[in-house]
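Using full-length UniProt numbering, you'd call the opening residue of the sequence shown number 1 and step up by one each time. Here a beta-carbon is modelled for each residue, glycine too, at the ideal position from N, C-alpha and C. In what follows, a single structure is set out as structure tokens and then discussed.
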Amino acid sequence: MRKGLGYKYEHQTRRLADFVAFMEKRKARIITTKLAMEWATLPPDRHASWALRLSDVRGFARHVANFDPRTEVPPVGMLPGWKRAKPYVYSDAEIDALLTAALAPWVGQNPPGMVT
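Written as structure tokens, this is what we have:
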């Protein structure tokens, strides 16, 4: 339904294909929470993507569970979510200082091409 409304599943499609290949390599026929966690936490140094990967498998497992009741749907909250860094908000004084520095006469070999 979402795809019909214009939602693009580019990254999810790639990740789920990777999960299916992971299952096939292990000759697994049923999605289990253990298997989903094992795949989601790969590679070990990519903590930020783990929850996203598990979320993709969770949605897929919910769909598959309609056809195969042996399918385990990994529960929400098994992995910590990714948190975006708090944005830095420049003060008026900092913005003025940046603009003053940017608009100051250029000293050097390559002056700026244009100012907007």
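- With fewer than 16 other CB atoms across the displayed protein chains lying within 10 angstroms of its CB, F67 is exposed.
- A distance below 7 Å between beta-carbons, with the five flanking residues on each side excluded, links S55 to no residue of its chain.
- Listed in chain order, the non-local C-beta contacts of A40 below 6 Å within the same chain comprise W50, R53 and L54, local neighbours out to five positions each way being set aside.
- Sequence-distant partners of T32 (beyond 5 residues in either direction) whose C-beta falls short of 7 Å from its own C-beta, in its chain, are E72.
- In the three-state reduction of the DSSP assignment, M23 falls in the helix class.
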